[in-house]
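Scroll down for the structure; my scribbles are underneath it.
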Amino acid sequence: MDDPTEGPVGAPTLDAAARKALKAQAHPLKPVVMIGQDGLTPAVLAEVERGLVSHQLIKIRVLGDDREARAAMLAEICARTGSAPVQHIGKLLVVWRPAPAGSQAGDGQASGRARPNAPYHRKKAA
Numbered sequence: 090m091d092d093p094t095e096g097p098v099g100a101p102t103l104d105a106a107a108r109k110a111l112k113a114q115a116h117p118l119k120p121v122v123m124i125g126q127d128g129l130t131p132a133v134l135a136e137v138e139r140g141l142v143s144h145q146l147i148k149i150r151v152l153g154d155d156r157e158a159r160a161a162m163l164a165e166i167c168a169r170t171g172s173a174p175v176q177h178i179g180k181l182l183v184v185w186r187p188a189p190a191g192s193q194a195g196d197g198q199a200s201g202r203a204r205p206n207a208p209y210h211r212k213k214a215a
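Residue 101 in my numbering is what sits at position 12 of the sequence shown, and the numbering runs on without skipping anything.
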């Protein structure tokens with residue numbers, strides 16, 4: 090799978106602008122799933138699924154050195170989870186799946202920053 094725009098059948102498709110925006114959002118993220126020497130086990134796929142449900146956009150680190158094997162893993166992950174490939178750079182894979190309709194995960198409140206209850210007032214300069 091050389092062109093990440095063409096996901097598996099049934100997976101969401103991304104145009105260039107959407108992929109660029111998702112790459113920018115994924116840049117500061119840490120990998121939430123690591124794939125070891127055993128490859129794509131059912132446990133790894135379950136963790137990928139759990140990460141996609143929680144975050145929609147996740148990074149996956151693959152510890153193998155074979156680029157073709159990593160590309161095949163990306164294609165299989167996207168096919169099994171219904172996600173879209175965003176990026177494959179080095180040993181990192183980035184995948185995205187939109188939040189299911191009616192879920193609270195994509196409401197924009199996932200920034201982790203506390204919202205103040207009252208407006209902030211600066212102290213007067215002395």
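Using N, Cα and C, we set each Cβ at its ideal position, and we do this for glycine too.
Just so it is clear, the structure is predicted and the values come from calculations on it, not from any experiment.
- DSSP, read as helix, strand or coil, puts residue 114 in helix.
- Here residue 151 is not near residue 178, since their CB atoms are 7 Å or more apart.
- Residue 172 is classed as buried because its beta carbon has at least 16 other beta carbons within 10 Å across all chains shown.
- In this model, residue 133 and residue 186 are separated by some 17 Å (Cα to Cα).
- Counting only the Cα atoms, residue 161 lies some 19 Å from residue 141.
- If you look at residue 142, you'll find it in the alpha helix (DSSP H) that goes 131–144.
- Counted as a single uninterrupted DSSP element, the beta strand (DSSP E) harbouring residue 173 occupies residues 173–178.
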